[in-house]
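Below: one structure, written as structure tokens.
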Amino acid sequence: MASERVPLVAGNWKMHKTEEEAEQYIQALLPRVSSVSGVDVAICVPFTDLRAMVDSARGSRVEVYAQNMHQEAQGAFTGEISAPMLAELAVHGVVLGHSERRELFAETDRALAQKVPVALAAGLKPILCVGETEEERDAGDTERKLRHQVGEDLAAVADAELGAVVIAYEPIWAIGTGRVATPEQAQEAIAFIRALIEARSAEAGAQVRILYGGSVKPENAAELLALPDIDGALVGGASLDAESFARIVGAAAA
Ligand code: PGA
Numbered sequence: 035m036a037s038e039r040v041p042l043v044a045g046n047w048k049m050h051k052t053e054e055e056a057e058q059y060i061q062a063l064l065p066r067v068s069s070v071s072g073v074d075v076a077i078c079v080p081f082t083d084l085r086a087m088v089d090s091a092r093g094s095r096v097e098v099y100a101q102n103m104h105q106e107a108q109g110a111f112t113g114e115i116s117a118p119m120l121a122e123l124a125v126h127g128v129v130l131g132h133s134e135r136r137e138l139f140a141e142t143d144r145a146l147a148q149k150v151p152v153a154l155a156a157g158l159k160p161i162l163c164v165g166e167t168e169e170e171r172d173a174g175d176t177e178r179k180l181r182h183q184v185g186e187d188l189a190a191v192a193d194a195e196l197g198a199v200v201i202a203y204e205p206i207w208a209i210g211t212g213r214v215a216t217p218e219q220a221q222e223a224i225a226f227i228r229a230l231i232e233a234r235s236a237e238a239g240a241q242v243r244i245l246y247g248g249s250v251k252p253e254n255a256a257e258l259l260a261l262p263d264i265d266g267a268l269v270g271g272a273s274l275d276a277e278s279f280a281r282i283v284g285a286a287a288a
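Throughout the sequence shown, residue numbering follows the numbering used here, covering 35 to 288 in sequence.
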């Protein structure tokens, strides 16, 4: 089954890169990934870089994602961006529920339960982020946390559409810390998430792509990406340099 899923390597820039910096980056990235095959490539960029990156990546293999989105189409939500706004820019997808948004900006599972189906309806591919804190792992609560997040955030997605969602398992203790999950920890959690999706729909369980995120680097990518249930990576810090990101893409290539 795993071989039918095309891996996705997505670079999450977070709040990095002005438009000028983004242009330099994409010009460095495109030639480095143009000949790799068997892997989807995405960059998840600040709102202000979206239009320029969509234009510069057009016709290439690199897809452009936003990092957040409001669930309503429009309204009195100062500072927010809606799905139709992203779709009009021909953005390919959107990261939803990143742990930084959950922790620093009070993103709730209740909002995510609305955001995921809204993104799908707008033709945007959602990357839903889930993952436990260090305290939750130490307390043996990892599976409870994942069951809660996956259950609640995807509750309003029809079974037939579940396979179109990308899930990123990102243990919070591994994000930006240099402390990568062991292959066993990553595989175990991701297989658990896949089983949660399979319990709703066997077909969706086989289709859904589940990424690992948290201190992925060129040096550890190959080992993580070789694991049977891991269908790619969501890469933060190591995606900020085009050369380093391209090496991770290369590690996922067929
Ligand atoms: P990191 O971030 O690769 O810098 O740990 C991953 C993420 O937050 O998506």
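Ideal placement from N, C-alpha and C gives every residue a C-beta, glycine not left out.
Endpoints, alpha helix (DSSP H) assigned at residue i
i	result
residue 150	143-155
residue 231	217-234
residue 60	53-67
residue 85	84-91
residue 283	276-286
residue 253	252-259
residue 140	Counting along the chain, residue 140 falls outside any alpha helix (DSSP H), and DSSP gives it neither H nor E.
residue 106	Run containing residue 106: none; DSSP gives neither H nor E here.
residue 171	168-172
N-terminal and C-terminal residue of the beta strand (DSSP E) that residue i is part of
i	result
residue 159	159-164
residue 181	Residue 181 -> not in any beta strand (DSSP E); alpha helix (DSSP H) instead, spanning 176-187.
residue 245	243-247
Expected contact under 8 Å - CB spacing of residue i and residue j to nearest Å
i	j	result
residue 96	residue 125	Rounded, the Cβ-Cβ distance is 12 Å, inconsistent with contact.
residue 282	residue 242	Their Cβ separation, rounded to whole angstroms, is 21 Å, which puts residue 282 and residue 242 out of contact at 8 Å.
residue 202	residue 268	4 Å
residue 133	residue 206	5 Å
residue 74	residue 42	4 Å
residue 286	residue 266	6 Å
residue 224	residue 161	Their Cβ separation, rounded to whole angstroms, is 14 Å, which puts residue 224 and residue 161 out of contact at 8 Å.
residue 172	residue 238	At roughly 31 Å, the Cβ-Cβ gap does not stay under 8 Å, so residue 172 and residue 238 are not in contact.
residue 288	residue 71	6 Å
residue 227	residue 180	6 Å
residue 128	residue 187	Incorrect: roughly 13 Å between the Cβ atoms, too far for contact.
Spatial distance of residue i from residue j (CA atoms)
i	j	result
residue 99	residue 84	8 Å
residue 77	residue 234	30 Å
residue 36	residue 110	Summary for residue 36: the model assigns pLDDT 45, below 50, so the residue's position carries little reliability; its value from the coordinates is reported in the next sentence. Rounded to whole angstroms, residue 36 to residue 110 spans 44 Å at the Cα level.
residue 52	residue 59	10 Å
residue 277	residue 66	7 Å
residue 114	residue 153	15 Å
residue 178	residue 246	18 Å
residue 231	residue 213	27 Å
residue 39	residue 200	11 Å
residue 155	residue 63	30 Å
residue 143	residue 120	21 Å
residue 56	residue 46	13 Å
residue 220	residue 255	12 Å
residue 145	residue 106	10 Å
residue 197	residue 211	31 Å
residue 262	residue 218	11 Å
residue 130	residue 69	29 Å
residue 185	residue 103	20 Å
residue 215	residue 279	19 Å
residue 165	residue 176	8 Å
residue 209	residue 50	16 Å
residue 158	residue 148	14 Å
residue 116	residue 92	22 Å
Strand pairing of residue i, partner residues [DSSP]
i	result
residue 42	74, 266
residue 135	In DSSP, residue 135 forms no bridge with anything.
residue 100	128
residue 191	DSSP, once it has assigned bridges, lists no residue as partnering residue 191.
residue 202	163, 245
residue 94	Its beta-bridge partners do not exist; DSSP assigns none.
residue 17	There is no way to answer for residue 17, as the model of the chain reaches only from 35 to 288.
Distance cut-off 7 Å: residue i Cβ against heavy atoms of the ligand MG
i	result
residue 177	The ligand MG is absent from the structure shown, which contains only the ligand PGA.
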